[in-house]
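Residue numbers (the numbering used here): 143 to 238.
Quick look at the structure:
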């Protein structure tokens, strides 16, 4: 399953966020699998202290682990996203 994770942080926490991002990157490079896999991003919204990342996982706990890892400096919300062509196909099958 794919999820879009929206995140934000306060300007005064930018150095802490950068440090934690480095720690998570190092964890991922070691092959640690407790976090959802990043498939797109992260991306900042220009001029803001917020942005988004797209993840892939079948285990929602791996999303919770990301949120917990960055707490309290970052706030996260995750939304399940679906392939529109697959949803259209399912919808049409259900309507028959």
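Cβ atoms here follow ideal geometry from the backbone N, Cα and C, with glycine treated the same way. Keep in mind the model is a prediction, meaning the values are calculated, not measured.
Taking a 10 Å sphere around the C-beta of residue 173, we find fewer than 16 other C-beta atoms and assign the residue as exposed.
Exposed is the label assigned to residue 189, since fewer than 16 other Cβ atoms lie within 10 Å of its Cβ. Scanning its chain for C-beta atoms nearer than 6 Å, with the 5 sequence neighbours on each side dropped, one finds around residue 220 the residues 145, 147 and 205, in chain order. In this structure, the beta-carbon distance from residue 198 to residue 159 does not fall below 8 Å.
At the C-beta level, residue 170 and residue 163 stay beyond 8 Å of one another.
For residue 153, the closest C-alpha among the options 217, 237 and 231 is that of 217.
For residue 166 and residue 194, the gap between their C-alpha atoms comes out near 16 Å. Membership of residue 170 in the alpha helix (DSSP H) is indicated by the continuous run 156 to 171. In terms of CA proximity to residue 191, 155 leads the group 231, 210, 155 and 235. For the pair residue 229 and residue 161, the Cα-to-Cα distance works out to about 39 Å.
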